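Here is the structure we will look at, set down as structure tokens.
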Amino acid sequence: MPMTGGEIFADYLIAEGVPYVCGIPGHGDMGIFDALKDRQDKLTLVKPRHEQSAAHIADAYYRVSGNPLATVTSIGPGSINTITGVASAFVDSVAMVTVTGGPQTYMYGTGVLQEIERHADSDFSQFMRPAVKRSFVAHRVDRVPSVIARAFNEAVTGRPGPVHVEMPMDVQADYADVEPFVPSERRPAGRIKADPAQIDAAARMLIAAERPVILAGGGCLRADAAEEVRALAEYLQAPVITTMMSKGLLPEDHPLCAQHTGACGTSCGNALTAAADVILAVGTRFAEQTASSYVPGESFNIPPTKLIHFDIDPYEIGKNYPVAVGAVCDAKTGLADLLDAVTDLAGGKLDRSEYVTEVAGRTAEWWTTVRARWRDDYLSMSRVLAMVRDGMPRNTIAISSAGHPQIQAFQEFPAYVPWISPGGYSTMGYTLPAAIGAKLASPESTVIALAGDGDLMQTIQELHLAAELGIDITIICLNNAGWVSIRDFQRGMFGEDRPVAVDFLKADGTSNPVDFTAVARAMGCEAETVTEKGQVNAALGRANSSGGPYLIDFRLSRDPMDTEGINVGHWDLPKPAYLGGE
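Mind the numbering: the sequence shown is residues 1 to 582 in the numbering used here, read in order.
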């Protein structure tokens, strides 16, 4: 039976098992939305109030469920708004298919409303190119099945990532009699296994090591390899250090969880990775933040530390550090094969009891350092994070992005299931829409958004979407009336009197914090304001029992004693020579 391009696309989503489509209708995607209208029993339309949020919702949905969503936006500015979210997903290896409208093919280059055409006709895909694994244009309706199938294939295989498809307006509306594609017939099966010789070399090196460390990155989560990480760590009696992308991969009260390394890591994590004689790095790219800007001794000493690096993307192996063993493989199969090899070669479990005791001691020292900073008379971000952790169920999914909330939650908020954060792109505006996506992916889970006021204001309109969906999420607004993480950086780099353009002020110069409680209520959410420590637990209780979106506006101390985090690694932030820079 002949179908429109929009109908072909919608039916492929159904065949793919995609439950939600995130996007906003416009004149450039009306053909798709018309097709979606008749399929709402199988495809639920999620209507963010800003297109950036569509990508963030899809991003978090994939991180929680392992399944990609599609975003659909119009031609021009409506679609360019998605790029921030798409780029965040690209850097963090998150799969989604982002579909944008396009000019009619028979009018390319004429200056169709919202067409970019001065360098090339219908040139929008060039905007997307650096931020996606692949960009397709479906120029004809009979090519839509192939294009969409290849887009999903590209998104979810190998190193996952977002893929862009442009569907011109006439292609959405045109008819063709085509055979539907079956997704399973268009996708490879199985996982990539490492060269056995590399597995054997890695096993021998780990058995001989005195201070081995497992550095588990986001690739371990993408490959569903948490159990393999735990089993190998327990056999080797080696500490597990997680990156910002994999926090919570190993429950953070596990005796071998040694927290995090890097510029925003922990003292225990940095000490252990810097002193390791062998590091097994799996699914991590050694980004600048993880590696303390590559300063020797801050987080890593490679060499003389020997590096075993497993990654599904050969581009990352040897990119930033030389490897003793570099294996291209899926994290799950690589770790399973490595455990088998270690077991065969070593026989019984290895005895590293003194090392394990050291790991426990260093981790305990870290938590002592964190708690020593609390002041009873002030509502600090650190203290609120601890009280929120205590007031929420163990398996709460926590989300945070950009600034002190991200850094301090990474350091101080124990995670027992994987948290969600845009680490590589550190995107502001991510937290609230991502919380919506996480809740859609796991309705039975408790989901909390740990959002600074600067972050929250960038996508605050999604409170309206949360109210529309009636979803049970708690927004923890860490409100200190400004971009205070940057204020504190400016203080540290340039001097205490040098912060500029970082405070939210009235015309008379007094502080002007946003009344998020009023904003949330205006958008249909329940909300309250907390100004004292004694109010925290009761507010959390009301949020937990509300049954819908609930925002708590925590008015935090702005005193640097309460805002500045614990600096343990190194971050290369150049400053002018007249201030002591080089």
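Built from N, CA and C at the ideal position, the CB exists for glycine as well. It should be emphasised that the depicted structure is a prediction, and the values quoted were computed from it without experimental measurement.
Assign TYR315 to buried or exposed, taking buried as 16 or more other Cβ atoms, counted over all protein chains shown, within 10 Å of its Cβ.
-> With fewer than 16 neighbouring CB atoms inside 10 Å of its own CB, TYR315 falls in the exposed class.
Reference VAL417, options PRO239, ALA438, ALA402, closest by Cα | For the residues PRO239, ALA438, ALA402, the minimum Cα distance to VAL417 belongs to ALA438.
Span separating the alpha-carbon of VAL97 from that of ALA35 = Taking the straight line from one Cα to the other gives about 17 Å.
Got a sec? Which residues, its chain only, sit under 6 Å from ARG191 by beta carbon, not counting five neighbours each side?
-> Once the five neighbours on either side are set aside, the close Cβ partners of ARG191 are ASP330, THR333.
Of all the options ASP313, PHE286, CYS257, ILE57, which has the alpha carbon lying nearest to the alpha carbon of PRO48?
-> For the residues ASP313, PHE286, CYS257, ILE57, the minimum Cα distance to PRO48 belongs to ILE57.
What's the gap between the Cα of ASN301 and the Cα of LYS133?
-> The straight-line gap from Cα to Cα measures roughly 32 Å.
Can you check whether the CB of ALA258 is closer than 8 Å to the CB of ARG362?
-> Contact: yes.
Among GLY265, MET381, GLN126, TYR578, which one has its Cα closest to the Cα of SER79?
-> Considering only alpha carbons, the answer is GLN126.
Roughly how many angstroms lie between the CA atoms of VAL328 and PRO212, to the nearest whole one?
-> Each residue's alpha carbon lies about 21 Å from the other.
Where the alpha helix (DSSP H) containing ASN537 begins and where it ends | Counted as a single uninterrupted DSSP element, the alpha helix (DSSP H) harbouring ASN537 occupies residues 536-544.
Decide if MET244 is buried, meaning its Cβ has at least 16 other Cβ atoms within 10 Å, or exposed.
-> Per the 10 Å Cβ criterion, buried.
The alpha helix (DSSP H) enclosing ASN67, as first and last residue numbers = Per DSSP, ASN67 is not a residue of any alpha helix (DSSP H), being assigned neither H nor E.
ILE14 versus ILE148: straight-line alpha-carbon distance, rounded | Between ILE14 and ILE148, the C-alpha separation is close to 12 Å.
Please list, in chain order, all residues of the same chain as GLY547 whose beta carbon is under 7 Å from its beta carbon, the five residues on each side excluded.
-> Cβ contact annotation for GLY547 (same chain, cutoff 7 Å, sequence separation greater than five): ASP472, in chain order.
Endpoints, the beta strand (DSSP E) within which THR44 is located = Residues 44-46.
For the segment 500-510 against the segment 463-482, are there 3 or more C-beta pairs whose distance is under 8 Å?
-> By the Cβ criterion, the segment 500-510 is in contact with the segment 463-482, since at least three pairs of Cβ atoms, one from each stretch, lie closer than 8 Å.
According to DSSP, is PHE300 helix, strand or coil?
-> The answer is coil: DSSP assigns PHE300 none of H, G, I, E or B.
Neighbourhood of HIS260 by C-beta distance below 8 Å, restricted to the same chain and skipping five residues each side | Result list for HIS260: ILE241, THR242, THR243, MET244, LYS247, THR266, GLY269, PHE410, GLN411, in chain order.
Below 8 Å CB to CB, which residues in the same chain sit around ASP255 once its five sequence neighbours on both sides are set aside?
-> A small fix is needed here, since residue 255 is Pro in this sequence, not Asp. For PRO255, the CB contacts under 8 Å within the same chain, skipping 5 residues up- and downstream, are VAL356, VAL359, ALA360 in chain order.
What residue range is occupied by the uninterrupted alpha helix (DSSP H) comprising GLY353?
-> Checking the sequence shown, residue 353 turns out to be Ser, not Gly. Where SER353 is concerned, the enclosing alpha helix (DSSP H) stretches over 353-371.
Where ILE32 sits in the DSSP three-state scheme | In the three-state reduction of the DSSP assignment, ILE32 falls in the helix class.
When the Cα of LYS575 is compared with those of ASP562, MET493, ALA271, which residue comes out closest?
-> LYS575 has its Cα closest to that of MET493, out of ASP562, MET493, ALA271.
Is there contact here, the segment 306-313 with the segment 170-185, by at least three beta-carbon pairs under 8 Å?
-> Proximity of the segment 306-313 to the segment 170-185 falls short of the contact definition, fewer than three beta-carbon pairs being nearer than 8 Å.
Taking the Cβ atom as the reference point for each residue, do LEU432 and LEU450 lie within a distance shorter than 8 Å?
-> In this structure, LEU450 does not lie closer than 8 Å to LEU432 by Cβ.
Whole alpha helix (DSSP H) elements within the segment 200-267, 4-residue minimum | Here the runs fully enclosed are 218-222, 226-236.
Less than 8 Å between the CB atoms is what I'm expecting for PRO68 and PHE152, so what's the real figure, rounded?
-> In this structure PRO68 touches PHE152 by the C-beta definition: roughly 7 Å separates them, less than 8 Å.
Neighbourhood of SER380 by C-beta, 6 Å cutoff - its chain only, sequence neighbours within 5 removed = Excluding positions up to five away in sequence, the list reads SER557, ASP562.
How many Å lie between ALA398 and LEU465 at the Cα?
-> The alpha-carbon atoms of ALA398 and LEU465 are separated by roughly 19 Å.
PRO304 burial status per 10 Å Cβ neighbour count (16 or more: buried) | It counts as exposed.
What first and last residue would you give for the beta strand (DSSP E) that runs through GLU528?
-> Membership of GLU528 in the beta strand (DSSP E) is indicated by the continuous run 526-530.
For ALA274, name the three-state secondary structure that DSSP assigns.
-> The DSSP-derived three-state label of ALA274 is helix.
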